[in-house]
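S.K.: One structure, pasted below without further comment.
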Amino acid sequence: MFETFSSDLKGSVQRAREKAAASGAPTLEAEHLLLSLSEFPSGPAGRVMQRLGLSESRVQGALDQEFEAALLRVGVTLPPLADLPPRRRERTPRLGQSAKASLMRTQKEAIARGERRINNEHLLIGLARTRAGTMPGLLRVLGLTPEQITLEVVKEVRRG
Amino acid sequence: MDADPKTGIDSASPLEPGEALRSVVALRQLADRLEDEYVVHAVGAGWTWSQIADALNVTRQAVHKKHSPRFRAAAP
Numbered sequence: 036m037f038e039t040f041s042s043d044l045k046g047s048v049q050r051a052r053e054k055a056a057a058s059g060a061p062t063l064e065a066e067h068l069l070l071s072l073s074e075f076p077s078g079p080a081g082r083v084m085q086r087l088g089l090s091e092s093r094v095q096g097a098l099d100q101e102f103e104a105a106l107l108r109v110g111v112t113l114p115p116l117a118d119l120p121p122r123r124r125e126r127t128p129r130l131g132q133s134a135k136a137s138l139m140r141t142q143k144e145a146i147a148r149g150e151r152r153i154n155n156e157h158l159l160i161g162l163a164r165t166r167a168g169t170m171p172g173l174l175r176v177l178g179l180t181p182e183q184i185t186l187e188v189v190k191e192v193r194r195g
Numbered sequence: 900m901d902a903d904p905k906t907g908i909d910s911a912s913p914l915e916p917g918e919a920l921r922s923v924v925a926l927r928q929l930a931d932r933l934e935d936e937y938v939v940h941a942v943g944a945g946w947t948w949s950q951i952a953d954a955l956n957v958t959r960q961a962v963h964k965k966h967s968p969r970f971r972a973a974a975p
């Protein structure tokens, strides 16, 4: 799967892996890939993230809200938690299910557009269209839809 | 309310499956965070790894492997 990834996209996956490790997450998930794009990498994906105001702190804040909402739906109020340092894990996080789903969608996006090189802009669309994990709830908190993000990316790519 | 008396699930307004399953994962994540916090408290209160393991219903090896790196990192 990785042989057609551009070096920019490989860089995004690598930064996502580092973010997952730093937060003590056992696996690299879709939200870590989005956090990686929230550093505004050069190219259309970074520009769309910037235009939508999806900075790292905004995405992180929305993730916290999504977590709280997911608990509240089943009647659990988030208790006050101590600000503990994250768990140190021996191995670097492997790809989790939601990240795998996102990367499959990313690949499909590029193929559907007849592009051989899979890039960050395809990843952004792939993430927006991921139905597993935190992404749907996260977009709801951010007030965005998959269609809206896709449209923004397509416009930005055309603009060049 | 049309909650099933056995399961307590309200069939009139069930959660959408994606949302419901995401909530299950969020509960697991919350349980992990609480475990981290309360193990730190227990160690601070002088509990042994064996006592903590018994209370968490896991083996002493499991709890030690999971939580001791945090204490090694904090040690001077």
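These protein sequences, in sequence, are chains F and A.
Residue numbers for the first sequence follow my numbering, beginning at 36 and rising by one.
Residue numbers for the second sequence follow my numbering, beginning at 900 and rising by one.
A virtual CB, placed ideally from N, CA and C, is assigned to each residue, including glycine.
#1: Work out the CA separation of ARG93/F and VAL962/A for me, nearest whole Å.
#2: Within the continuous alpha helix (DSSP H) that includes LEU933/A, where are the two ends?
#3: Based on DSSP bridge pairs, tell me the residues matched to THR62/F.
#4: May I have a chain-ordered list of the alpha helix (DSSP H) segments no shorter than 4 residues that lie completely inside the segment 86-134 of chain F?
#5: Output yes if chain F places a C-beta closer than 9 Å to the C-beta of PRO913/A; else output no.
#6: Would you say ALA97/F and VAL176/F are within 9 Å of each other, going by their C-beta atoms?
#7: Show which residues of chain F have a CB atom less than 7 Å away from the CB atom of ASP935/A.
#8: As a quick exercise: from ALA55/F, HIS67/F and MET84/F, pick the residue whose alpha carbon is nearest that of GLU156/F.
#9: Which residues does DSSP list as the beta-bridge partners of ILE153/F?
#10: Closer than 9 Å, CB to CB, is VAL192/F near chain A or not?
#11: Let me make sure I understand the geometry here. Which of GLY161/F, GLU91/F and GLU101/F has the alpha-carbon closest to that of SER922/A?
M.R.: Answer, in terms of the structure:
#1: To locate residue 962/A, count along the second sequence from 1; it is residue 63. To locate residue 93/F, count along the first sequence from 1; it is residue 58. Put simply, the backbone Cα of VAL962/A is about 35 Å away from that of ARG93/F.
#2: Here residue 933/A refers to the residue found at position 34 when the second sequence is read from its first residue. It spans 916-943 - the alpha helix (DSSP H) in which LEU933/A sits, taken as one unbroken run.
#3: As a first step, residue 62/F is located in the first sequence; it is residue number 27 there, counting from the start. Answer is ARG129/F.
#4: Restricting attention to alpha helix (DSSP H) runs no shorter than 4 residues, the segment 86-134 of chain F encloses them at 91-107, ordered along the chain.
#5: Residue numbering aside, residue 913/A sits at position 14 when the second sequence is read from its first letter. It does not: the Cβ of PRO913/A has no partner Cβ on chain F nearer than 9 Å.
#6: Reading the first sequence from its first residue, position 62 is the one you call residue 97/F. Reading the first sequence from its first residue, position 141 is the one you call residue 176/F. Contact flag set, yes.
#7: Translated into the one-based positions of the second sequence, residue 935/A becomes position 36. Within chain F, the residues near ASP935/A are LEU119 and ARG122.
#8: In the first sequence, residue 156/F corresponds to position 121, counting from 1. With distances taken between Cα atoms, GLU156/F lies closest to MET84/F.
#9: What you label residue 153/F is simply residue 118 of the first sequence in a count that begins at 1. DSSP, once it has assigned bridges, lists PHE40/F as partnering ILE153/F.
#10: Indexing the first sequence from 1 puts residue 192/F at position 157. Cβ-Cβ to chain A under 9 Å: no for VAL192/F.
#11: Along the second sequence, read from residue 1 onward, the residue named residue 922/A stands at position 23. SER922/A has its Cα closest to that of GLU101/F, out of GLY161/F, GLU91/F and GLU101/F.
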